[in-house]
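Asker: When the letters of the sequence shown are read in order and numbered with my numbering, they come out as residues 6 to 596.
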Amino acid sequence: MKERFKTSLYLLWRLFKYVLPQWQLVIFALIATMVYSAVQAVPVALTKRLLDDALIKGDKDTLVLLCLISLGAVIVGGIACFIKEYFRQKVLFRAIVNIRQHAGEYILTMSMGYFDKKKVGELMSRLTNDIQSTRQTLDFMTGDIIEAPLTIISALAVALINCWQLTLLSFLTLPLFWLLIVRFGKRVRKYSSKSLVQLAQVTESMQQMISGVRVVKAFGLEKQKAEEFRRENESFFRKVMRMVFTKAMSRSLIETAYMACVVVVVLIGGILVINGTWGLTLGGFGTFFGALATMYLPAKRLSRDYNVVQESLAGCERIFAMLDEKPEIEDAPDAIEIKELRGEIVFEDVWFTYDSGEPALKGVSFTVKPGESLAVVGASGSGKSTIVNLILRFYDPQKGRILIDGIDIKKIKRRSLLRGLAVVTQEPFLFNTSVLENIAYGRIGATREDVENAAKAAKIHEVIMALPEGYNTLVGERGGNLSGGERQRVTIARAILRNPSILLLDEATSNLDSESEKAVQEALSELMKNRTTIVVAHRLSTIAEAKRIIVLEEGRIIEEGTHEELMARNGTYRRMYELQHRPEEVEAKTE
Numbered sequence: 006m007k008e009r010f011k012t013s014l015y016l017l018w019r020l021f022k023y024v025l026p027q028w029q030l031v032i033f034a035l036i037a038t039m040v041y042s043a044v045q046a047v048p049v050a051l052t053k054r055l056l057d058d059a060l061i062k063g064d065k066d067t068l069v070l071l072c073l074i075s076l077g078a079v080i081v082g083g084i085a086c087f088i089k090e091y092f093r094q095k096v097l098f099r100a101i102v103n104i105r106q107h108a109g110e111y112i113l114t115m116s117m118g119y120f121d122k123k124k125v126g127e128l129m130s131r132l133t134n135d136i137q138s139t140r141q142t143l144d145f146m147t148g149d150i151i152e153a154p155l156t157i158i159s160a161l162a163v164a165l166i167n168c169w170q171l172t173l174l175s176f177l178t179l180p181l182f183w184l185l186i187v188r189f190g191k192r193v194r195k196y197s198s199k200s201l202v203q204l205a206q207v208t209e210s211m212q213q214m215i216s217g218v219r220v221v222k223a224f225g226l227e228k229q230k231a232e233e234f235r236r237e238n239e240s241f242f243r244k245v246m247r248m249v250f251t252k253a254m255s256r257s258l259i260e261t262a263y264m265a266c267v268v269v270v271v272l273i274g275g276i277l278v279i280n281g282t283w284g285l286t287l288g289g290f291g292t293f294f295g296a297l298a299t300m301y302l303p304a305k306r307l308s309r310d311y312n313v314v315q316e317s318l319a320g321c322e323r324i325f326a327m328l329d330e331k332p333e334i335e336d337a338p339d340a341i342e343i344k345e346l347r348g349e350i351v352f353e354d355v356w357f358t359y360d361s362g363e364p365a366l367k368g369v370s371f372t373v374k375p376g377e378s379l380a381v382v383g384a385s386g387s388g389k390s391t392i393v394n395l396i397l398r399f400y401d402p403q404k405g406r407i408l409i410d411g412i413d414i415k416k417i418k419r420r421s422l423l424r425g426l427a428v429v430t431q432e433p434f435l436f437n438t439s440v441l442e443n444i445a446y447g448r449i450g451a452t453r454e455d456v457e458n459a460a461k462a463a464k465i466h467e468v469i470m471a472l473p474e475g476y477n478t479l480v481g482e483r484g485g486n487l488s489g490g491e492r493q494r495v496t497i498a499r500a501i502l503r504n505p506s507i508l509l510l511d512e513a514t515s516n517l518d519s520e521s522e523k524a525v526q527e528a529l530s531e532l533m534k535n536r537t538t539i540v541v542a543h544r545l546s547t548i549a550e551a552k553r554i555i556v557l558e559e560g561r562i563i564e565e566g567t568h569e570e571l572m573a574r575n576g577t578y579r580r581m582y583e584l585q586h587r588p589e590e591v592e593a594k595t596e
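(1) Checking the sheet assignment: what are the DSSP bridge partners for Glu474?
(2) Could you check the C-alpha separation between Ala164 and Ala46 for me, to the nearest Å?
(3) What does DSSP give as the partner residue(s) for Asp413 in the beta ladder?
(4) Would you grab the beta carbon distance between Val96 and Val31 for me? Rounded to a whole angstrom, and I think it's under 8 angstroms.
(5) Could you have a look at Ala593 and say whether DSSP puts it in helix, strand or coil?
(6) Does Pro364 come out as helix, strand or coil in the three-state DSSP assignment?
(7) Beta-carbon within less than 7 angstroms of Ala593's beta-carbon, same chain only, minus the 5 sequence neighbours each way: which residues are those?
(8) Within its chain, find whatever has a CB closer than 6 angstroms to the CB of Leu408; leave out the 5 residues flanking it on each side and keep chain order.
(9) Going straight from the alpha carbon of Leu16 to that of Ser138, what length do you get?
(10) Output needed for Glu127: all residues of its chain with C-beta closer than 7 angstroms, excluding positions within five of it in sequence on either side, in chain order.
(11) DSSP state of Phe189, grouped into three classes?
(12) Which same chain residues, not among the five before or five after Leu56, have their C-beta less than 7 angstroms away from its C-beta?
(13) Tell me which same chain residues have a C-beta within less than 6 angstroms of the C-beta of Ala296, skipping the five on either side of it?
(14) For Asp336, collect the residues of the same chain with a Cβ closer than 7 angstroms to its Cβ; drop the 5 residues on either side in sequence, then sort them by chain order.
(15) Tell me, which residues are paired with Trp283 by DSSP?
(16) Whole-angstrom Cβ separation of Val207 and Phe241, contact assumed at under 8 angstroms?
(17) I'd like to check one pair, Val495 with Ile539: are the Cβ atoms closer than 8 angstroms?
(18) Quick one: residues in its chain with C-beta nearer than 7 angstroms to the C-beta of Asp144, no 5 flanking neighbours on either side, listed in chain order?
(19) Given this structure, state the Cα-to-Cα distance separating Ala365 from Glu377, to the nearest angstrom.
(20) If contact is defined by three or more beta carbon pairs under 8 angstroms, each pair taking one atom from either stretch, is the segment 313–322 in contact with the segment 70–82?
(21) By how many angstroms is the C-alpha of Ala37 removed from the C-alpha of Cys86?
(22) Does the beta-carbon of Asn312 have 16 or more other beta-carbons within 10 angstroms, so that it is buried, or is it exposed?
(23) Looking at C-beta atoms only, is the number of pairs between the segment 230–239 and the segment 253–272 that lie closer than 8 angstroms three or more?
(24) What runs of the alpha helix (DSSP H), each 4 residues or longer, lie entirely inside the segment 278–358?
(25) Given this structure, state the Cα-to-Cα distance separating Gly348 from Gln315, to the nearest angstrom.
(26) Do Ser198 and Ile259 have their C-beta atoms closer together than 8 angstroms?
(27) For the alpha helix (DSSP H) that Gly82 lies in, which residues bound it at each end?
(28) Reducing DSSP to helix, strand and coil, say where Ile562 ends up.
(29) Considering only the alpha carbon of each residue, which of Val267, Tyr578, Glu90, Leu395 lies closest to Phe353?
(30) Could you work out which residue in Leu181, Glu457, Ile507, Tyr476 is closest to Leu397 when comparing CA atoms only?
(31) DSSP three-state label for Arg553, please.
(32) In the DSSP assignment, the alpha helix (DSSP H) including Leu35 goes from what residue to what residue?
(33) Would you check if the distance between the CB atom of Leu509 and the CB atom of Ile444 is smaller than 8 angstroms?
(34) From which residue to which residue does the alpha helix (DSSP H) around Ile444 run?
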């Protein structure tokens, strides 16, 4: 109980930090809330005079005066209500936007190892559902946590002034209400946490259905995937209904207990009025009862808010748990800024293991001189792409060193390192925006002329100009409005625009047909000129431009040399080449 209370306070404090930057608006809202809460008690405070002096004695002047005062209080309350609600909601939504922005920026700082472990659907659920759930807690923090107590205090003051004995007697029921609120609040938070975890599973299942719709359609898996989604959805329904049942039970018991207390108070108050005990008049009892009713609504909101906040804090826990994770790849305190790379790459006895446990690279060592091109070949799973990932510093090796221009890659600020690198991957990714913007991502601040020159070098300019809106044409989701070869040449144009010292080509043409491959290969040849280039390839026909080749097998370099040297050795490289080419082509290459 004590530990959970501390955790709740800690979460509330962390949320409140997103509210603090808007402290001026918070003060405006607080002042308006104080005014609004105070005037709520005015009509109640006038009830005694209304009954005893105006109605029972028939004093019309007093009746009109009291009504005018009440009307003035209502008008002031209405203005204060607008001010408090407007500023409160502005603070609330700004805080949510800032939390979402912080979470989004945080996600982008994480290393690739983080994304290897996390499911896309789970991350999306945290960035959407969990962040949205914080709205309930923020709503409470900027609203009822201030307004409800102030309203209760105002009404309580009126009740105490009229009959403090009956007021204290009514307070004997408070422990019962507190017990009900706390007991059910614990359960609501527990069930809410479970339902949010399951909602992340539902989001993940939906994301996979949409992302893999081609496979689903091609293999006729509609019923199977729909059934899998139904199971996840039903599991969420069952978990959320446990929370709903607990909240409904809590509200009904609190409501029943309150109404029972009201009946008892009316009975006792009525007897006191009849007997004239404590000088309680009909007007005094009416005022007391009105104050009690005024206290009831905010008290009811607080009891409801307790459950809502417990439900919301489950989402807060998940968000802050995510934000508390540290990136695996960070700049060292003594990391240096490099303005321009020469392009030398050295691997010294590099070992690397993914989370699967089997080493992807085992003692890999090689050197690429500035301006030299190196091809890395091997079977699937031999560690080819891992070399590219390590140069990009998506991961750090567990053993050994990677040097760029003689400097350990860990001692270079990652952003300055990436300025001198460009990568073209097997699956070109385009953002759902214009062709112009997709190419311009290669260099911040690039002009239209720069983009067009890069497109011309990538042999894609004419294709772009033939599009409906030229460079302003939207490429669609993942570049779906372009063919595979066109998408790849757009990414090559992006790399050309970057003007890198080091170029990384990771299976850049493996998914293309012969015609598209030829066009892309021409663009790549232009891009590779005078640049240090590492070409990762499975299809050996794509490494014609490489001056040197290394062959990987199960994470180790087993062969190294030029194409002619490797063909002459009759080793793994020659066998791979023979599998991919006709006998006459092999003979021609070895003559």
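Note that the Cβ used here is the ideal one computed from N, Cα and C, for glycine as well.
Answerer: From the atom records:
(1) Per DSSP, none; premise fails for Glu474.
(2) So the two alpha carbons sit approximately 10 angstroms from each other.
(3) DSSP output for Asp413 lists Leu408 as bridge partner(s).
(4) Confirmed, Cβ separation roughly 6 angstroms.
(5) In this predicted model, Ala593 has a pLDDT of only 49, less than 50, meaning its place in the structure is not dependable enough to derive any value.
(6) Of the three classes helix, strand and coil, the one that applies to Pro364 here is strand, per DSSP.
(7) Bear in mind that the predicted position of Ala593 carries a pLDDT of just 49, short of 50, making it unreliable; the figure below should be weighed with that in mind. Result list for Ala593: empty, nothing under 7 angstroms.
(8) Excluding residues within five positions, the ones whose Cβ falls inside 6 angstroms are Val351.
(9) About 13 angstroms.
(10) Hits under 7 angstroms: Ala205, Glu209.
(11) Helix.
(12) Taking C-beta separations shorter than 7 angstroms and ignoring five residues to either side along the sequence, the partners of Leu56 in its chain run Leu287, Gly288, Gly291, following chain order.
(13) Here the set comprises Val49, Ala160, Val163, Ala164.
(14) If we look at Asp336 and ignore the five residues flanking it on each side, its Cβ neighbours are Lys418, Arg419.
(15) Partner(s): none; Trp283 has no beta bridge.
(16) Sure, about 5 angstroms apart at Cβ, within 8 angstroms.
(17) Taking 8 angstroms as the Cβ cut-off, Ile539 and Val495 do not qualify as a contacting pair.
(18) So the list reads Leu97, once near-sequence residues are dropped.
(19) So the alpha carbons of these two residues sit roughly 25 angstroms apart.
(20) The segment 70–82, when compared against the segment 313–322, does not touch it at the 8 angstroms Cβ threshold.
(21) So the two alpha carbons sit approximately 7 angstroms from each other.
(22) Asn312 is classed as buried because its beta carbon has at least 16 other beta carbons within 10 Å across all chains shown.
(23) The segment 230–239, when compared against the segment 253–272, does not touch it at the 8 angstroms Cβ threshold.
(24) Qualifying alpha helix (DSSP H) stretches, in chain order: 287–328.
(25) It is roughly 55 angstroms from the alpha-carbon of Gly348 to the alpha-carbon of Gln315.
(26) The beta carbons of Ser198 and Ile259 sit no closer together than 8 angstroms.
(27) That run of the alpha helix (DSSP H) goes 65–114.
(28) Looking at Ile562 - three-state DSSP - the assignment turns out to be strand.
(29) One point to set straight first is that residue 353 is Glu, not Phe, in the sequence displayed. Closest in C-alpha terms to Glu353, from the list Val267, Tyr578, Glu90, Leu395, comes Leu395.
(30) Looking at the Cα atoms, Ile507 is the closest of the given residues.
(31) In this structure, DSSP gives Arg553 an extended state, which the three-state scheme calls strand.
(32) First-last of the alpha helix (DSSP H) with Leu35: 28–45.
(33) The answer is no: Cβ separation not under 8 angstroms.
(34) Element bounds for Ile444: 440–445.
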